[in-house]
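The structure under discussion appears below in the form of structure tokens.
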Amino acid sequence: PGLPGGAEVSALVADDDDGLWIGTAGDGLFRLEAGRLRALGAREGLPSDTVHALAIDREGSLWVGTRAGLARVRQRPFLTLTSPSTVSGAPTAVLADAGGRLVVGSDDGLDVWSERGAWDRAADLDARLPHRHVVGLAPWPGGGWLVGTRRGLVVLGRDTPPTLPPRGRPLLATSDRHVWIHAGDHVVRVGEDGTSERFDERHGLHDVYNVVLAEDAQGGVWLGSAGRLYRLDGGRIVPSATLPGRSGLPV
């Protein structure tokens, strides 16, 4: 069985306690640990059950971008930090970079949480975006941020732009210095040197039009798609679990 009501996996991120956080498009937030699945949602204080993006900062806090705003999760209850007057638009992507900055993409550009504890509007960065509607964020291995927009990809913070697909949604930067990009009917793994490898239904990945990724503490890559979880194992996509719903366990 899949997620309840036909809901879809919309975001994944692994924490430092061997847990995997799973955001869904309408059924809230799940945490998978030691074979057990725990559900958290609007009833526990999440701004919305529709989760767009997840990120773990260097303090171990989980940041959740939802349709109704941003939440910072340390432990229950949730702490909602934003309102329409703080982050521009609904959060669609969240990035906690190595420098300790939190970058939030929305349908109206980029906002950065500064060290002084306030949101800074990144107007100078917005001017370099192919389009103001941000669809994904990831750190680029050689430095800077990879930003996906409705009209293309760009790396901010680098003088020499890398070779990238013409369009796509950045999903994940991994410890082996690769970036994963969702490009419509397939997923591309791009190296710092510009080399790329394509994964699609021929590799066992179902419903490629809606896929999310995360890396665990051991460097393993997890993929979520169509209510299923997969692992990347030696270049192969291997089914790992099916999410049964709020009260069940993965099989």
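With this note's numbering, the residue at position 204 of the sequence shown is 200, and numbering never jumps. No residue lacks a Cβ here, since even glycine has one placed at the ideal position from N, Cα and C.
Buried or exposed by the 16-neighbour rule on C-beta atoms within 10 Å, applied to residue i
i, result
"A210", "buried"
"S171", "exposed"
"G61", "buried"
"G164", "buried"
"V234", "exposed"
"D23", "buried"
"G95", "exposed"
"Y205", "exposed"
"A118", "buried"
"V9", "buried"
"A213", "exposed"
"A51", "buried"
"T78", "In this prediction, T78 scores a pLDDT of 42, lower than 50, which makes its location untrustworthy; the coordinate-derived value is nonetheless stated afterwards. Classification of T78: buried, given that the 10 Å Cβ count is 16 or more."
"G200", "exposed"
Under the three-state DSSP convention, the category residue i falls into
i, result
"D103", "coil"
"D14", "coil"
"L219", "strand"
"D172", "coil"
"E188", "coil"
"L160", "coil"
"A49", "strand"
"E211", "strand"
"E40", "helix"
"D122", "helix"
"R27", "strand"
"R63", "coil"
Residue of the options minimising C-alpha distance to residue i
i, options, result
"P161", "H178, G41, G31", "H178"
"D13", "E4, R117, E29", "E29"
"E55", "V204, D122, A134, R68", "R68"
"D45", "I52, G65, L58", "G65"
"V130", "A51, T145, D120", "T145"
"V207", "G132, G187, L152, G138", "G132"
"A169", "D196, G216, R39", "G216"
"G190", "S236, P158, A213", "P158"
"D11", "T20, D53, E40, A21", "D53"
Short CB-CB distance (under 8 Å) between residue i and chain B
i, result
"L209", "Protein chain content of the structure displayed is limited to a single chain, and chain B is not contained in it."
Beta-carbon proximity of residue i to residue j, cut-off 8 Å
i, j, result
"R194", "H202", "no"
"V175", "W136", "yes"
"R147", "P166", "no"
"V5", "G220", "yes"
"W17", "L58", "yes"
"D122", "R128", "yes"
"A38", "A7", "no"
"G140", "R124", "no"
### Query
For the stretch 83 to 100 against the stretch 16 to 36, are there 3 or more C-beta pairs whose distance is under 8 Å?
no
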